[in-house]
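What follows is a set of notes on a single structure, which appears directly below.
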Amino acid sequence: MKNKKENAILKAIITKNELGAIIPLAIILVVVAFGNPTFYQLKNLLDILRTASFSFYIAAPLTFLLTAGGMDLSIGSILSFGGVMYAKLIVNGVPVLPSVVLCLIAGALIGFCNGIIIVKYNQPAFIATLGTQYIISGAVLVWTGGISVSGLTAPSKIIGQYYLFDTVPIPILYAVIIGVVCYIVLAKSKWGRSLAAIGGNKETAYLAGIPVVKRRMLIYAIVGVAATFTGVIWAARFANGLPGAGDAVNMKNMAAVIIGGTSPAGGSGTVVGTAFGCILLASIANFLVFLGVPATAQQLIFGVILIAAIFIDRYRRDVLSRG
Amino acid sequence: MKKLLTLLLAVLMVLCLAGCGQKEETVVEEEKEAYKVWFVAPLATGSAWGTCGTSFLAECEALGIEGKYEGPIQAADIPAMIDLCEQAIADGTDVLICNWRDYDSFNEVAQRAKDAGIKLLGYNQPLNDGLCDNYLGIDPSKLGEVLAETLVENRGAEGLKVLYLGASATSQSHLATEEAFKNKLAELAPTAEVEYDYTSGSADTAAEKVNSHMNANAANAIVCNCSFAAVAAAAYKEENNLTSEQLYVQGIDTGADILQYIKDGVADNTIVQDWVGAGKMAADLALKLINGEEIEIQTKLGAYPLYPAEVEEFAKNQGIELQ
Numbered sequence: 000m001k002n003k004k005e006n007a008i009l010k011a012i013i014t015k016n017e018l019g020a021i022i023p024l025a026i027i028l029v030v031v032a033f034g035n036p037t038f039y040q041l042k043n044l045l046d047i048l049r050t051a052s053f054s055f056y057i058a059a060p061l062t063f064l065l066t067a068g069g070m071d072l073s074i075g076s077i078l079s080f081g082g083v084m085y086a087k088l089i090v091n092g093v094p095v096l097p098s099v100v101l102c103l104i105a106g107a108l109i110g111f112c113n114g115i116i117i118v119k120y121n122q123p124a125f126i127a128t129l130g131t132q133y134i135i136s137g138a139v140l141v142w143t144g145g146i147s148v149s150g151l152t153a154p155s156k157i158i159g160q161y162y163l164f165d166t167v168p169i170p171i172l173y174a175v176i177i178g179v180v181c182y183i184v185l186a187k188s189k190w191g192r193s194l195a196a197i198g199g200n201k202e203t204a205y206l207a208g209i210p211v212v213k214r215r216m217l218i219y220a221i222v223g224v225a226a227t228f229t230g231v232i233w234a235a236r237f238a239n240g241l242p243g244a245g246d247a248v249n250m251k252n253m254a255a256v257i258i259g260g261t262s263p264a265g266g267s268g269t270v271v272g273t274a275f276g277c278i279l280l281a282s283i284a285n286f287l288v289f290l291g292v293p294a295t296a297q298q299l300i301f302g303v304i305l306i307a308a309i310f311i312d313r314y315r316r317d318v319l320s321r322g
Numbered sequence: 000m001k002k003l004l005t006l007l008l009a010v011l012m013v014l015c016l017a018g019c020g021q022k023e024e025t026v027v028e029e030e031k032e033a034y035k036v037w038f039v040a041p042l043a044t045g046s047a048w049g050t051c052g053t054s055f056l057a058e059c060e061a062l063g064i065e066g067k068y069e070g071p072i073q074a075a076d077i078p079a080m081i082d083l084c085e086q087a088i089a090d091g092t093d094v095l096i097c098n099w100r101d102y103d104s105f106n107e108v109a110q111r112a113k114d115a116g117i118k119l120l121g122y123n124q125p126l127n128d129g130l131c132d133n134y135l136g137i138d139p140s141k142l143g144e145v146l147a148e149t150l151v152e153n154r155g156a157e158g159l160k161v162l163y164l165g166a167s168a169t170s171q172s173h174l175a176t177e178e179a180f181k182n183k184l185a186e187l188a189p190t191a192e193v194e195y196d197y198t199s200g201s202a203d204t205a206a207e208k209v210n211s212h213m214n215a216n217a218a219n220a221i222v223c224n225c226s227f228a229a230v231a232a233a234a235y236k237e238e239n240n241l242t243s244e245q246l247y248v249q250g251i252d253t254g255a256d257i258l259q260y261i262k263d264g265v266a267d268n269t270i271v272q273d274w275v276g277a278g279k280m281a282a283d284l285a286l287k288l289i290n291g292e293e294i295e296i297q298t299k300l301g302a303y304p305l306y307p308a309e310v311e312e313f314a315k316n317q318g319i320e321l322q
């Protein structure tokens, strides 16, 4: 009887998609508690959450995209574009709100172009978005000459630098809002469930009456909006539009989504898991510094933790498939 | 038949005339063809290398040289830089200027360029085996000494807790700078505690590293040898409302972003490496090499601190707009 109950609890845990991110995160939190408890100071935890928030703005809609069987390698360059565009608009006297709106519209258009190339013209997403990544990065370089755009006004920086109750960085609030909305859409709505159907099998989804083309194109546009939003908040936080701000984010965001339990082959996804994936990645770098790991060894350990995370996810899937 | 023959002859004559005319044009074009100079940088963007590139290309245009300024997408991606050197050879460049970051890796491609009659110019690093025809740039070891001297002169030697943020843990010039900094600081401030870390040339990583280190082991001085680190350190100081007594920030280079932070009283100073002068001098030296002029091989560009009182004048002279 006791064994049956234990098995049921174990099965309930194993079925959680988010396990691949949660277990390594829990291990890190335990290890660092012994290694350097100052890790747990509120300011540090909020800094980790802020770092994770910047990844999460893109990773959350990216979860939709991966669930629907898509991928996007142009997010980093769209992020850079968004930051540069925001800085340019502000420096040229455009007020904050119109600047943000214009950037988001531009992001939607870029994402929509990705959608047209991939969905309408049936081109492989990997190559198509790699191509648009080069186009956008190139355009940003031509536009700026490779030099950052500084001189943002005080009001334009508030959206990235403000602290709620003098404690919580405002980027975390955006992440919470985005997280709640994306969670409801993906897990609780018919629209969200249709994405899993599209990612599982496009033909079957089409035959079931789901507007596959429209829906896939819309997701690319949403990812574009999210990437420019991240760029805008990034530029506001650092008071700069950096042409290379998004250079390192592509793989990191993709990794956060997959470690969080979203299938890279499409068909299933979890926004909660993505949130844990983002927190895990933000925590690893921080935790290594707190443990005093030399900078030269940090990448090595970072890699080992990532591999452990995917093996945990693999183990979970194997257990599930065996019933 | 006669008419047909006349017509054929007329067509032939027109074609011959057109051919002769075209040949004449080609000759004229050949005469007008400009010298080609390729500059392969470790990054084509950012406040340091981006500024250098803009200045280099402007000077090339002024001198009537066809200048190309290229860099990999990921900072200091050596295989990508070697590929660009290969392209320069294939393009028939007259001079190849390169930041030879790793002597062994670049030796083979440099030797082939030399065999093809291309003049070689080392930027910041001379290539070994006497392959380079000339060398310009900042002496990495001298830069390291300037970083340490400026720190101690402005912050004092007592109770120093320093975070040194470099761009790369693999670049020989960066490591030479770090080593020189370490030695000079040990001489000037023997009790100073120093932590070393790297940004990998990523703005995102720079921000993460600054936050993690400051939360783990609050430094009272951040010394930057990466322009992204300088921006991240200044942003951290501004966000946390820290005074210079609490956190001294020593930037690097003269991008508009760090100059703005100095003008605003956030960053304490920056170490000028004169990237505008560097780009200009690279083009000037290339032309001298092409013309076979005798040039003394030497490091001509200095590194010196720039303080708030001088920043507006400096920016004005460099054509940088500050708010």
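Protein chains in written order, with numbering that gives the first Met the number 0: chain A, 0 to 322; chain B, 0 to 322. Every residue gets a Cβ at the ideal spot worked out from N, C-alpha and C, and that includes glycine.
Which residue from the options puts its Cα closest to that of residue i?
i	options	result
A124 of chain A	A:V29, A:A281, A:A247 and A:D71	A:D71
G145 of chain A	B:I251, B:G155, B:Q259 and B:T44	B:T44
P293 of chain A	B:D93, B:G91 and B:E194	B:E194
V31 of chain A	A:A284, A:W142 and A:A186	A:A284
V265 of chain B	B:M280, B:L174, B:L241 and B:P189	B:L241
P139 of chain B	B:N316, B:F313, B:A61 and B:G301	B:G301
Q317 of chain B	B:D283, B:G143, B:L286 and B:D252	B:D252
L185 of chain A	A:G268, A:L24 and A:D317	A:G268
C59 of chain B	B:I294, B:T92, B:E312 and B:A281	B:A281
A228 of chain B	B:A218, B:T204, B:Y247 and B:L56	B:T204
W318 of chain A	A:A11, A:V224, A:A254 and A:N239	According to the sequence provided, residue 318 of chain A is Val. The question's Trp does not apply to it. Selected option, being the one with the closest Cα: A:A11.
V248 of chain A	A:F237, A:R236 and A:C277	A:C277
G156 of chain A	A:A234, A:R321, A:G230 and A:V141	Residue 156 of chain A is actually Lys in this sequence, not Gly. Cα-wise, what sits closest to K156 of chain A is A:A234.
V288 of chain A	B:N214, B:V222, B:A179 and B:N219	B:N214
I197 of chain A	A:R236, A:N239, A:E5 and A:A264	A:A264
I177 of chain A	A:T229, A:I22 and A:P94	A:T229
S98 of chain A	A:I232, A:L290, A:F310 and A:K3	A:I232
Q298 of chain A	A:I26, A:L280, A:Y314 and A:I311	A:L280
In the DSSP assignment, the alpha helix (DSSP H) including residue i goes from what residue to what residue?
i	result
I381 of chain A	The requested residue 381 of chain A is not part of the displayed model; chain A covers only 0 to 322.
W37 of chain B	That residue, W37 of chain B, is in no alpha helix (DSSP H); its beta strand (DSSP E) goes K35 to V39.
N99 of chain A	Reading off the sequence shown, one finds Val at residue 99 of chain A, where the question assumed Asn. From DSSP, the alpha helix (DSSP H) with V99 of chain A extends over V95 to G114.
E183 of chain B	With the sequence shown as reference, residue 183 of chain B is identified as Lys, and Glu is not the correct amino acid for it. Start and end: Q171 to L187.
C59 of chain B	T50 to L62
V193 of chain B	Segment E192 to Y197 is the beta strand (DSSP E) holding V193 of chain B; no alpha helix (DSSP H) there.
A255 of chain A	V248 to I258
Could you check if residue i is buried or exposed, using at least 16 other CB atoms within 10 Å of its CB as the buried criterion?
i	result
A74 of chain B	buried
N16 of chain A	buried
P304 of chain B	buried
C19 of chain B	Confidence in C19 of chain B is poor, its pLDDT being 42 and thus under 50, which makes the residue's placement unreliable; the coordinate value appears in the next sentence. Exposed, since its Cβ has fewer than 16 Cβ neighbours within 10 Å.
K22 of chain B	At K22 of chain B the pLDDT is 42, less than 50, meaning the model places this residue with poor confidence; the figure from the coordinates comes in the next sentence. By the 10 Å Cβ count, K22 of chain B comes out exposed.
G291 of chain B	exposed
L194 of chain A	buried
V108 of chain B	buried
V27 of chain B	Annotation note: pLDDT 43 at V27 of chain B (below 50); position unreliable, coordinate value reported separately. Exposed is the call here.
I306 of chain A	exposed
L16 of chain B	Summary for L16 of chain B: the model assigns pLDDT 43, below 50, so the residue's position carries little reliability, and this model does not support an answer.
A232 of chain B	buried
G159 of chain A	buried
A7 of chain A	exposed
K31 of chain B	Model confidence at K31 of chain B stands at a pLDDT of 47, short of 50, so the residue's coordinates are unreliable; what they give is reported in the following sentence. K31 of chain B comes out exposed.
Q40 of chain A	exposed
A308 of chain B	exposed
Let's see if you can read the secondary structure: which residues bound the beta strand (DSSP E) around residue i?
i	result
G250 of chain B	Y247 to I251
I209 of chain A	Neither: I209 of chain A is in no beta strand (DSSP E) and is coded neither H nor E.
E65 of chain B	E65 to E69
Please tell me whether, using a cut-off of 6 Å, the distance from the CB of residue i to the nearest non-hydrogen atom of the ligand SAH is below it.
i	result
A302 of chain B	By its list of ligands, the structure shown contains no ligand whatsoever, and the ligand SAH lies outside what it can speak to.
Practice problem: Tell me, please, whether the stretch 120-136 of chain A touches the stretch 73-89 of chain A by the rule of three or more beta-carbon pairs shorter than 8 Å. | Solution: The stretch 120-136 of chain A is in contact with the stretch 73-89 of chain A.
Quiz item: Do the stretch 145-155 of chain A and the stretch 82-95 of chain A touch if we need at least three Cβ pairs shorter than 8 Å?
Solution: As far as the Cβ criterion goes, the stretch 145-155 of chain A touches the stretch 82-95 of chain A, which means the pair count is three or higher.
Quiz item: Quick one: complete alpha helix (DSSP H) runs, 4+ long, within the stretch 256-294 of chain B?
Solution: 274-289, all fully within the stretch 256-294 of chain B.
Quiz item: Would the stretch 197-212 of chain B and the stretch 159-171 of chain B be scored as touching if the rule is three or more Cβ pairs under 8 Å?
Solution: By the C-beta criterion, the stretch 197-212 of chain B is judged to be in contact with the stretch 159-171 of chain B, since at least 3 inter-stretch pairs fall below 8 Å.
Self-check item: Given 8 Å, three or more beta-carbon pairs between the stretch 51-68 of chain A and the stretch 170-180 of chain A
Solution: Between the stretch 51-68 of chain A and the stretch 170-180 of chain A, the count of C-beta pairs closer than 8 Å reaches three or more; the two stretches touch.
Quiz item: Are the stretch 244-264 of chain B and the stretch 257-266 of chain A touching, with three or more C-beta to C-beta distances below 8 Å?
Solution: Output reads no: the stretch 257-266 of chain A does not touch the stretch 244-264 of chain B.
Quiz prompt | Secondary structure, alpha helix (DSSP H): runs of 4+ residues fully inside the stretch 121-199 of chain A | solution = Residue ranges of uninterrupted alpha helix (DSSP H) with 4 or more members, entirely inside the stretch 121-199 of chain A and ordered along the chain, are 124-143, 153-160, 169-182 and 189-199.
Quiz item: Counting Cβ pairs closer than 8 Å, one from the stretch 171-180 of chain B and one from the stretch 131-151 of chain B, do we hit at least three?
Solution: Contact between the stretch 171-180 of chain B and the stretch 131-151 of chain B is present, because at least three Cβ pairs lie under 8 Å.
Quiz item: Is the stretch 98-114 of chain A touching the stretch 209-229 of chain A in the sense that three or more CB pairs, one from each, lie closer than 8 Å?
Solution: The stretch 209-229 of chain A, when compared against the stretch 98-114 of chain A, does touch it at the 8 Å Cβ threshold.
Quiz item: Okay, do the stretch 282-289 of chain B and the stretch 53-67 of chain B touch, 3+ Cβ pairs below 8 Å being the bar?
Solution: Counting Cβ pairs under 8 Å, three or more are found: they touch.
Quiz item: On the three-pair Cβ rule with 8 Å, is the stretch 107-123 of chain B touching the stretch 80-95 of chain B?
Solution: Yes, the stretch 107-123 of chain B touches the stretch 80-95 of chain B.
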